[in-house]
Amino acid sequence: MTVSRALNAPGKVTPETLARVRTAVDALGYVPNAMASGLRMARARMVAALLPTLVGPVFQELVESLAESLKRSGYQLMIGQAGYDAAQEEELIKTIIQRRPDGIVLVGLVSSPGARNALLASRIPVVETWDFTDHPIDMLVGFSHGAIGASVAQFLHDRGHRHVAIITANDARAQARTAAFMERSKALGAQSAQCFLTTAPSTVGAGRKGLATLLQTAPEITGVFCSSDSLALGALIEAQHQGRRVPQQLAIVGLGDQSFAQDAQPALTTVRLDGTRIGALAAELMIARAEGRPVAEPVVDVGFHMVVRDST
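Take any residue in the sequence shown, count from 1 to its spot, add 1224: that is its number in our numbering.
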């Protein structure tokens, strides 16, 4: 029983016992039969995570935290890339449901009615992340993108910027941020509020192109919100290329607080999203539901906060 527990739930045995079991397993060359174990226990000890993209560092913290938290309880993580296409997302979700994982973690909210219905019918535990809604499929750990957009608009207004702009991708989460940013800016009395759309995933090059286009059409802009730190880095490079002093002539705000943000010149003001906490909480909820334990708080708003640096 101790060997079985060490192999299937390593977090439930002492480190010394786990080390002895793993030494013996390695010496024997033993590989557990996951299919047989899954049939016996009616569980695969596998959780699937669907990400819109594997490009860039945006979701790295979340995935690493999720994988590590699951591993401690004897679960493995399987990752799929759903893209930013609803039909592709639905197809992938239905394929994963056929595999009967112990749970499914979604980065973002399900956009396809067909995928939503399939998940509800499957009765597989689901945790949606990186967004917020009053009507989650099952469980939710995230934050409001609309609140982020409104907060950045307020932040720029409070620093005296009346000609503002946003450089943004066009996925659903970015659209929510953009709508809130534009609405709040206008409500605060902004003299102009411009928008440059690019395709997801965001890149440094798109940030350069976005700022170049905005300054050509609206040179009076003094404050820019970029919907990712990659876009913001591109905008920062383009501002320097055009001789616009940051932050004296142009303030730039990013999103994500990626590792390079504090090392940019000037250091990038950005919105911090706690991917590590989201991943850990998603794993905690998923494991509890998969193992039949009650979930006291199935919906968690982790919020966000501004990290003010030299670019504003």
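Where is the CB? At the ideal position from N, CA and C, for every residue including glycine.
Helix or strand or just coil, what does DSSP make of residue i?
| i | result |
| --- | --- |
| Thr1238 | coil |
| Ser1416 | strand |
| Thr1493 | strand |
| Val1523 | strand |
| Gly1503 | helix |
| Met1530 | strand |
| Ala1398 | helix |
| Glu1352 | strand |
| His1385 | coil |
| Ala1463 | helix |
| Ala1475 | strand |
| Val1271 | strand |
| Val1365 | strand |
| Phe1484 | coil |
| Leu1327 | The displayed chain sequence assigns Gly, not Leu, to residue 1327. DSSP places Gly1327 in strand when its eight states are reduced to three. |
| Leu1278 | coil |
| Leu1421 | strand |
| Thr1226 | helix |
| Leu1333 | coil |
Work out the CA separation of residue j and residue i for me, nearest whole Å.
| i | j | result |
| --- | --- | --- |
| Val1428 | Ala1514 | 40 Å |
| Met1530 | Ser1426 | 20 Å |
| Gln1466 | Leu1439 | 9 Å |
| Thr1446 | Val1470 | 10 Å |
| Thr1494 | Thr1247 | 46 Å |
| Arg1347 | Thr1500 | 27 Å |
| Gly1304 | Leu1316 | 8 Å |
| Glu1352 | Leu1274 | 10 Å |
| Gln1482 | Gln1473 | 24 Å |
| Leu1435 | Arg1468 | 11 Å |
| Ala1512 | Glu1313 | 26 Å |
| Gly1503 | Leu1301 | 12 Å |
| Pro1349 | Leu1412 | 42 Å |
| Gly1235 | Ala1520 | 22 Å |
| Thr1441 | Ala1491 | 27 Å |
| Arg1383 | Leu1457 | 21 Å |
| Val1532 | Lys1410 | 23 Å |
| Arg1517 | Phe1283 | 28 Å |
| Ala1404 | Tyr1308 | 21 Å |
| Gln1464 | Thr1536 | 14 Å |
| Thr1422 | Lys1295 | 37 Å |
Report yes if the C-beta distance between residue i and residue j is below 8 Å; otherwise report no.
| i | j | result |
| --- | --- | --- |
| Asp1453 | Leu1479 | yes |
| Arg1408 | Gln1378 | yes |
| Ala1345 | Lys1318 | no |
| Ser1336 | Ala1396 | no |
| Ala1393 | Ala1424 | yes |
| Ile1361 | Arg1340 | yes |
| Leu1509 | Met1363 | yes |
| Arg1269 | Asp1358 | no |
| Phe1367 | Asp1534 | no |
| Gly1431 | Ile1391 | yes |
| Phe1449 | Arg1496 | no |
| Ala1485 | Leu1460 | no |
| Ala1414 | Val1388 | yes |
With 16 other CB atoms within 10 Å as the buried threshold, where does residue i fall?
| i | result |
| --- | --- |
| Ser1416 | exposed |
| Ala1398 | buried |
| Glu1444 | exposed |
| Ala1258 | Only weak support is given to the placement of Ala1258: the predicted model assigns it a pLDDT of 49, under 50, and the question is left unresolved by the model. |
| Asp1355 | buried |
| Glu1462 | buried |
| Pro1276 | buried |
| Gly1332 | buried |
| Ala1306 | buried |
| Ala1243 | exposed |
| Leu1380 | buried |
| Leu1278 | exposed |
Using a Cβ-Cβ cutoff of less than 7 Å, which residues in the same chain neighbour residue i once the five nearest sequence positions on both sides are dropped?
| i | result |
| --- | --- |
| Lys1433 | none |
| His1385 | Thr1446, Gly1447 and Ala1475 |
| Ser1289 | Gly1499, Thr1500, Gly1503 and Ala1504 |
| Ala1506 | Leu1290, Val1329, Val1351, Thr1353 and Val1365 |
| Ala1310 | Ser1335 and Ser1336 |
| Gly1280 | Pro1425 and Ser1454 |
Give me, in chain order, the residues of the same chain whose beta-carbon lies closer than 6 Å to that of residue i; leave out the 5 immediate sequence neighbours on both sides.
| i | result |
| --- | --- |
| Met1406 | Ala1417 |
| His1369 | Arg1397, Ala1400 and Arg1401 |
| Glu1285 | Gly1499 and Thr1500 |
| Thr1437 | Phe1420 |
| Pro1522 | Met1363 |
| Ala1371 | none |
| Ser1293 | Ala1504 and Ala1507 |
Looking only at its own chain, which residues have a Cβ that is under 8 Å from the Cβ of residue i, when we skip the five neighbours before and after it?
| i | result |
| --- | --- |
| Val1255 | Bear in mind that a pLDDT of 48 at Val1255, under 50, signals an unreliable position, so the model cannot answer this. |
| Ser1451 | Ile1390, Ile1391, Thr1392, Ala1393, Ala1398, Arg1401, Thr1402, Ser1426 and Leu1479 |
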